[in-house]
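Enquirer: Numbering (this note's numbering), first residue to last: 1 to 199.
(1) According to DSSP, is residue 198 helix, strand or coil?
(2) Straight-line CA distance for residue 133 to residue 100?
(3) Taking contact to mean 3 or more Cβ pairs, one atom from each stretch, closer than 8 angstroms, check whether the region 104 to 118 and the region 134 to 150 are in contact.
(4) Which residues in the same chain have their Cβ closer than 7 angstroms to the Cβ of residue 70, if we skip the five residues on either side of it in sequence?
(5) Check each candidate in 44, 103, 27 and 189 and name the one with the smallest Cα separation from residue 61.
(6) Where does residue 19 land, buried or exposed, given buried means 16+ other C-beta within 10 angstroms?
(7) Which residue or residues does DSSP assign as beta-bridge partners of residue 72?
(8) May I have the straight-line CA-CA distance separating residue 152 from residue 170, to the nearest angstrom?
(9) With which residues is residue 83 paired in a DSSP beta bridge?
(10) Which word fits residue 23, buried or exposed, when buried means at least 16 other C-beta atoms lie within 10 angstroms of its C-beta?
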């Protein structure tokens, strides 16, 4: 596995980046990892964004709040009264708010073991979509994270958010069986440094 590790004070938890080309299966790969982690007593928060299709054409994306299981439409090729056009999709303002709450609220309310953002790319590099949430996370003592990032955006994403320990997981070359033990090890390490709460 390709690891890019540098030293930046205050940023201890690692970032796992699942990468591949557009439409290659990053979200599917991620969901399979999360399914296996769910058997390990892991508290996972954040968002997964599966696409949906009309015929053979992708026509939009839903958001799933991993922590609660609730879902909401993020974007579609069909405009609505509260949507804004980004690229070829109309993004629902309600969907963006839903996603930001799913990313941040569990951290404010407690301490999940793992935070997931599917996905980080062109919009975030331009300061929209999940960029504000990520900026807040970057300043926090947060759990390990998993992001999905298209291959062409990985370098720019790591320049904008230069995590000290970033693990690049190419879905074409890295089996899930290699990734999962490393994620579990990082979660155990994060748990070990949490302050002990009085009961």
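Here a beta-carbon is modelled for each residue, glycine too, at the ideal position from N, C-alpha and C.
Expert: Quick look at the numbers:
(1) Indexing the chain shown from 1 puts residue 198 at position 198. The predicted position of residue 198 is uncertain, since its pLDDT is 44 and thus under 50; a value taken from the coordinates is nonetheless stated next. In this structure, residue 198 counts as coil in the three-state DSSP scheme.
(2) The residue given as residue 133 occupies position 133 in the chain shown. The residue given as residue 100 occupies position 100 in the chain shown. Cα to Cα, residue 133 sits roughly 6 angstroms from residue 100.
(3) Using a C-beta cut-off of 8 angstroms, the region 104 to 118 makes contact with the region 134 to 150, since at least three inter-stretch Cβ pairs fall below that distance.
(4) On the chain shown, position 70 is the one that residue 70 refers to. The answer is none, since no qualifying residue turns up.
(5) Here residue 61 refers to the residue found at position 61 when the chain shown is read from its first residue. Here the closest residue by C-alpha is 27.
(6) Working through the chain shown from its first residue, we reach residue 19 at position 19. The residue in question, residue 19, is buried, as its Cβ has 16 or more Cβ neighbours within 10 Å.
(7) Position 72 of the chain shown, counted from the start, is the residue given in the question as residue 72. The partner list for residue 72 (beta bridge, DSSP) reads 63.
(8) Residue numbering aside, residue 152 sits at position 152 when the chain shown is read from its first letter. Residue numbering aside, residue 170 sits at position 170 when the chain shown is read from its first letter. Cα-Cα distance, rounded: 12 angstroms.
(9) Position 83 of the chain shown holds residue 83. Answer by DSSP bridge pairing, in chain order: 92.
(10) For the purposes of this step, residue 23 is identified with residue 23 of the chain shown, where counting begins at 1. A residue is called buried once 16 or more other Cβ atoms fall within 10 Å of its Cβ, and residue 23, having fewer, is exposed.
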